[in-house]
Amino acid sequence: MLFGLEAADLLLILILGVVLFGPERLPIFARKAARVFVYLRDIANNAKTTLRTELGPEYADLELKDLHPKAFIAKHLREEVALIEETRRDLQDASKMLKDSTKEMESAAKDAAAAGTVALENKDDDAEPQLALAAPASSPFDSEAT
């Protein structure tokens with residue numbers, strides 16, 4: 801309901817007020833409490849307005865709850881985490897591209913090894929690729945070599 805108070809809580813406060821202050825003085829204290837509440841609200845609004853004018857137009861949407869250290873840190877951490885997540889996605893995309901190109905190169909190398917020749921690319925698009933012998937999988941071992 802009001803400030804997180806329920807009807808039973810408000811009734812209890814009213815009964816305590818009547819018992820403590822008496823029915824004659826209770827309206828006077830209620831008016832004073834309302835004036836204090838309005839005064840404190842005005843002070844908070846003036847402080848917020850002063851803070852906004854001193855900080856400039858880039859802080860026009862500033863709220864006092866944003867100045868709480870936990871909220872301030874959380875806001876900046878969210879911004880940094882968003883940058884980190886974006887970088888992570890970019891790295892994952894680059895990693896996927898590298899894996900795909902590695903698989904393509906491996907399959908091309910296997911095909912060339914099976915054929916026993918390697919196609920050399922020419923700079924001329926209309927020329928046929930030249931064939932060269934593929935390097936053997938392992939070099940023969942010469943025990944007499946120094």
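Be aware that the sequence shown starts at 801, since it is given in my numbering, and climbs by one per residue. We put the CB at the ideal spot given by N, CA and C, even for glycine.
Problem set entry | Range of the contiguous alpha helix (DSSP H) that encloses PRO947 | Any answer about residue 947 is impossible in this case: the structure gives the chain only from 801 up to 946.
For this session: Could you have a look at HIS876 and say whether DSSP puts it in helix, strand or coil?
Result: helix
Exercise. DSSP on SER895, reduced to helix/strand/coil?
Worked result: helix
Exercise. On the three-state DSSP scale, how would you describe ALA913?
Worked result: helix
Problem set entry | Nonlocal neighbours in the same chain, by C-beta distance under 7 Å from ASN846, ignoring five residues either side | none
Exercise. To the nearest angstrom, how far is it from the Cα of ALA844 to the Cα of LEU891?
Worked result: 47 Å
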